[in-house]
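Notes to accompany the following structure.
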Amino acid sequence: MKKLCSILLSMTLLFSFAAWSNGVSAASRDDSTEAPAASEETVNSRKSAEADDPAGEGGTLIAYFSWSGNTEQMAQTIQEEIGGDLFQIEPAVPYTDDYDALLDIAQQEQADNARPELAAQVENWDSYEAVFVGFPNWWSDAPMAVYTFLESYDFSGKTLIPFNTSASGGFGRSLSGIEESAAGADILEGLALTEGELENVQSEVSGWLSGLSLE
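Here's what the structure looks like:
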């Protein structure tokens, strides 16, 4: 009788242990599969949110070419006034630092109607509605690299606002070139400053911007 009771007790303990072991095993399997599934869902949600959020939509781009730093000064002042993103228009092969040699290069590029390759491209072009384009006056025109920039993008439906620096020549004939190269753009009144006027660049830029129809 004692032997039979012992056998029954052993079997009871064995079944209890098996049930407990299966419960632990099932819980462990649930934990191991549930966490990755939640993580994947979170990642997908983040991707979806990023895709539905057009960052920078309706934004402002301030693109400029500057050799001496004067046009860069204007660009930075515009950004201080209204915000926006700065983009420097640079040729893939930098221009010389020698002023006299630069004049010869600029004149030759104009004669050839050249379109120098640029060092970089604008990211998220479609996110910008207003595009400021700045440049110095070289031989009464914009540097040819500026035309490369203008012709590299679709300006349809965008607002283009030119700005310019020079010794005394203003925009020269560049405005007609800009209109041709940036087909489809709504071109607003630009601002041209001489080196002397750059001493009051903040007030000059502020007054100009306040008169533009920019939302």
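Throughout the sequence shown, residue numbering follows mature numbering (1 follows the signal peptide of the UniProt record, and there is no 0), covering -21 to -1, 1 to 194 in sequence.
Virtual Cβ for every residue (Gly too), placed ideally from N, Cα, C.
Keep in mind that this is a model prediction, so the values were computed, not measured.
In this structure, the CA atom of residue 76 is about 11 Å from the CA atom of residue 82. Of all alpha-carbon atoms in 95, 193, 185, 130, the one lying nearest the alpha-carbon of residue 172 is that of 185. Taking the CA atoms as reference points, residue 128 sits about 22 Å from residue 148.
Residue 157 and residue 94 have their alpha carbons spaced roughly 14 Å apart.
The beta-carbon separation of residue 100 and residue 131, rounded to 7 Å, stays under the 8 Å limit for a contact. Following the DSSP letters along the chain, one finds residue 132 in no beta strand (DSSP E), marked with neither H nor E. The beta carbon of residue 133 lies closer than 6 Å to none in the same chain, with the five residues before and after it left out.
Rounded to whole angstroms, the Cβ separation of residue 70 and residue 112 is 16 Å, and the two are not in contact under 8 Å.
Taking all protein chains in view, the Cβ of residue 98 is surrounded by fewer than 16 other Cβ atoms within 10 Å, so the residue is classified as exposed. By the neighbour-count definition (other C-beta atoms within 10 Å, threshold 16), residue 73 is an exposed residue. Note that the C-beta distance between residue 110 and residue 40 is below 7 Å.
121 is the residue among 78, 121, 48 whose C-alpha sits nearest the C-alpha of residue 88.
Contiguous beta strand (DSSP E) elements confined to the stretch 132 to 178 occur at 138 to 145, 170 to 173, taking only those with 3 or more residues. According to DSSP, residue pairing for residue 104 in a beta bridge does not occur. Leaving aside the five residues that flank residue 169 on each side, the residues in its chain whose CB is nearer than 8 Å to its CB run, in chain order, 140, 141, 142, 143, 150, 154. Burial is judged here by how many other beta carbons sit within 10 angstroms of a residue's own beta carbon; residue 164 has at least 16 and is buried. Around the beta carbon of residue 124, 16 or more other beta carbons sit within 10 angstroms, so the residue counts as buried. Look at residue 193 here: in three-state DSSP terms it is coil, with no helix or strand label. CA-CA distance, residue 178 to residue 50, rounds to 13 Å.
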